[in-house]
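Per the numbering used here, residue 190 is the first one in the sequence shown, and the count goes up by one each step. One structure below.
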Amino acid sequence: MIWKELTIHTTEEAVEMISNFLHEAGAGGVTIEEHVDNDKPRDTSLGQWFEIPPNDIPEGEAKISGYFPEGVDIEEVITQVKERTAELREYDIDPGDATITVRDVSEDDWANNWKQYFKPLRVSERLTIKPTWEQYEPESAEERIIELDPGMAFGTGTHPTTSLCLRTLEGIIREGDEVIDVGTGSGILAIGACRLGASKVLALDLDPVAVSSATENTKLNGLEKQIQIVESDLLSVLKQGSKAAVNVQLPVRVVVANILAEIILLFIEDVFEALQSGGYYIASGIYKNKEQAVEEALVAAGFEIVQTAREEDWVAFVARKR
Ligand SMILES: C[S@@+](CC[C@H](N)C(=O)[O-])C[C@H]1O[C@@H](n2cnc3c(N)ncnc32)[C@H](O)[C@@H]1O
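So this is what it looks like as structure tokens:
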């Protein structure tokens with residue numbers, strides 16, 4: 190089958206928003222290419238890094254491609270994506286020059302090629318992400334495996350915003366914890382939380398593609414009894430009327446959200462309310478230029494920042510409800 194590949198040249202900062210625009214415009218898949226720096230020293234204490242091939246994308250920039258099936262009005266998609274991208278400046282997100290190109294590609298060119306670069310990855314001391322199509326044996330009894338086929342949803346574990354969450358979760362989760370994962374994507378953090386000892390996770394996402402991907406991955410890991418996946422705009426499922434339908438008992442001890450800073454700022458009070466006192470909020474997806482704004486908002490809402498984790502240009506906060 191031939192697909193239309195729409196590529197937008199933008200900034201790392203705008204990647205998540207523009208990927209969402211492409212999904213919402215009907216893309217059957219979205220790929221993201223960011224600057225690759227293979228000369229940079231890597232922390233190899235947790236195992237081997239699988240290098241991805243160098244590209245010509247300058248630091249701080251990114252190329253996002255959406256794949257549209259035949260029959261989609263690509264001119265209409267371009268107009269929509271251009272308008273929504275231009276609006277990002279109102280939210281203080283710089284999308285760069287945001288030039289768009291379109292070409293025809295065959296399905297094999299994009300649907301499977303990326304798989305060769307997604308290898309088992311020891312992402313923290315105890316967690317390893319294993320693509321379903323790879324063979325891998327844990328090196329010790331302590332090592333826990335997250336089986337994953339990310340499909341079209343965000344969350345392979347290789348993005349700094351995801352690995353920051355998995356690493357910080359490892360320090361926070363205690364046996365039997367109940368957790369809420371906001372913006373679950375492929376379900377990777379919900380699965381990771383269970384592997385670290387959580388007894389129940391409520392995994393929420395606004396995007397039906399993410400909901401079905403998280404459902405598949407939950408099954409792959411045999412965690413259907415522990416993870417409940419619900420289509421929800423942020424924590425709206427917890428609002429009056431639908432509380433009874435969720436698997437976790439409120440307030441919970443841990444909330445994790447790997448969502449953009451702009452979105453994190455919208456629902457800090459709701460997270461505060463959903464947490465026990467002394468409970469933890471892991472907030473990730475924060476580009477470095479929004480670090481201060483998010484920190485101030487967390488503190489103003491009554492959180493104490495107990496850890497600030499950084500990887501590349503991304504920041505994650507571990508905040509404790511006072
Ligand atoms: C950066 S991805 C994170 C995926 C995964 N949790 C991870 O850490 O790799 C952000 C996710 O948030 C979801 N999202 C964005 N806005 C949302 C909203 N208002 N309510 C719920 N989910 C949302 C997106 O659909 C996407 O799956």
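We treat Cβ as the ideally placed atom computed from N, Cα and C, and that holds for glycine. Treat the numbers as computed from the prediction; the structure is a model and nothing was measured.
Residues of its chain near residue i, where Cβ-Cβ distance is below 7 Å and the 5 sequence neighbours each way are ignored
i	result
S401	none
G491	F461, K510, R511
E279	none
N447	T350, T351, C354, G372, L378, S473, G474
K408	none
P258	W192, G217
Local conformation of residue i per DSSP, three classes
i	result
V371	strand
V488	helix
V435	coil
F506	strand
Y515	This structure gives no information on residue 515, because the portion of the chain shown stretches from 190 to 511.
D459	helix
Q324	coil
N249	It is worth fixing the name first, because residue 249 is Gly in this sequence and not Asn. In the structure shown, G249 sits in coil (DSSP, three-state: anything other than H, G, I, E or B).
H198	strand
V398	helix
E359	helix
S364	At residue 364 the sequence reads Glu, which differs from the Ser that was named. Residue state, collapsed to three classes: coil.
K271	helix
Residues near residue i by beta carbon distance below 6 Å, same chain, minus five either side
i	result
H198	K252, T288
A498	L353, T357, A505
V312	I318, G346, S352, L355
E493	R509, R511
V261	G215
E331	R315
V435	L391
R292	E194
L454	A486
S388	G365
Cutoff 8 Å; reference residue i; Cβ partners in own chain excluding five residues on either side
i	result
K271	A287, I289
C383	V390, N410, L412, Q415, I416
Y325	P309, T317, K319, I334
S234	Caution is warranted here: a pLDDT of 49 is assigned to S234, below 50, making its placement in the model unreliable, and the coordinate value is therefore given only provisionally. The answer is none, since no qualifying residue turns up.
E201	E223, H224, G249, E250, A251, Y476, D502
Beta-bridge pairing of residue i - partner residues as DSSP gives them
i	result
Q417	L391
F257	K193
K319	E336
G218	Y256
N447	S473
V495	DSSP output for V495 lists no bridge partner at all.
F292	Inspection of the sequence shows that residue 292 is occupied by Arg rather than by Phe. Partner(s): E194.
V441	L464
R311	T317
R500	Contrary to the premise, residue 500 reads as Glu rather than Arg in this sequence. Answer is W503.
E223	A251
Next item on the list: Determine contact between the stretch 209 to 218 and the stretch 269 to 284, defined as no fewer than three beta-carbon pairs at a distance below 8 Å.
Entry: yes
Check: Would you say the stretch 463 to 481 touches the stretch 494 to 507, given that touching needs at least three Cβ pairs under 8 Å?
Finding: yes
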